[in-house]
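Okay, structure first, notes after.
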Amino acid sequence: MFSEKARKRKARRHAKQEKGKKLAEKLSDEPFAKKSPAQKQLPENLIEPVAIADRIAEIGKLPKLNQRPSNYDSEMTWCSSIADIEDSWTWGEERRWSDPEWNNEILRELGALRGSTWAEIARLETGEGKRGKKRRKRHHPQEICSVNAEAQTRWKEIGLEQFDTAYRFRLGGTKRVWGVQYRSHFYLVWYERHHLIYPMG
């Protein structure tokens, strides 16, 4: 009996995924692959800074979307091809991450999410809330107008002003990665250690 229930549950999940894919295709105003392929290899660590002109050219290759298609049933893929690793923030934090930070923080978290759908990622929550506080979304979109003024200015300086919303992944403690979610792909832009891009009161 249990196996029959499991089979039906699996069939319902599959039907829901198919429905989501059809909706995504319908909403998209450009021809697009039916489903983004699973990411076979994790991105390599970015060694050289990306020139602003190169970042703008990379972003310029992305077709403009009149409507945002549903990505929820698509598997998340990611890269660091437009990351901003030059210079430091005025609070003294370098934008460049170290090799240990890449391997033990960024790859650990984003690599673990490889193969997860955006719907699964959106459902992830933090652990037990402190002093009875409500649990929060672990990873979520964040409007650029809500981050600190320096980060807003830098976002424009590096050619990302067409995106008014960033996506933020929580790595644990006060560590975060910020970037752009375009359809099912995440472009990593910043790694931060002290939760100061969007400071908590």
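Heads up: the sequence shown is residues 76 to 276, going by the working numbering.
By construction, the Cβ of each residue, glycine as well, lies at the ideal position given by its N, Cα and C atoms.
Just so we're clear, the structure is a prediction, and the values are computed from it rather than from any experiment.
Item: Endpoints, alpha helix (DSSP H) assigned at A158; Value: A158 -> no alpha helix (DSSP H), and no H or E assigned at all.
Item: Paired residues, beta bridge with R251 - DSSP; Value: R245 and E267
Item: Residues of its chain near P112, where Cβ-Cβ distance is below 6 Å and the 5 sequence neighbours each way are ignored; Value: Reliability of the predicted coordinates at P112 is poor, the pLDDT of 46 falling under 50, and the value obtained from them is presented with this limitation in mind. Around P112: no qualifying Cβ.
Item: Cβ pair count under 8 Å reaching 3, the segment 185-199 against the segment 227-234; Value: no
Item: CA-to-CA distance, G202 to R213, given in whole angstroms; Value: 9 Å
Item: K80 versus E195 - alpha carbon distance; Value: 21 Å
Item: Residues sharing a beta bridge with T152, DSSP; Value: H260
Item: Boundaries (first-last residue) of the alpha helix (DSSP H) holding E133; Value: I127 to G135
Item: K231, DSSP secondary structure in three states; Value: helix
Item: Between the CA atoms of M275 and F238 - distance to the nearest angstrom; Value: 23 Å
Item: Identity of the residues DSSP links to T201 by a beta bridge; Value: According to DSSP, which records beta bridges pairwise, T201 is partnered with nothing at all.
Item: Beta-carbon proximity list for S173, same chain, < 7 Å, skipping 5 on both sides; Value: none
Item: Limits of the beta strand (DSSP E) - the one that E180 falls within; Value: Counting along the chain, E180 falls outside any beta strand (DSSP E), and DSSP gives it neither H nor E.
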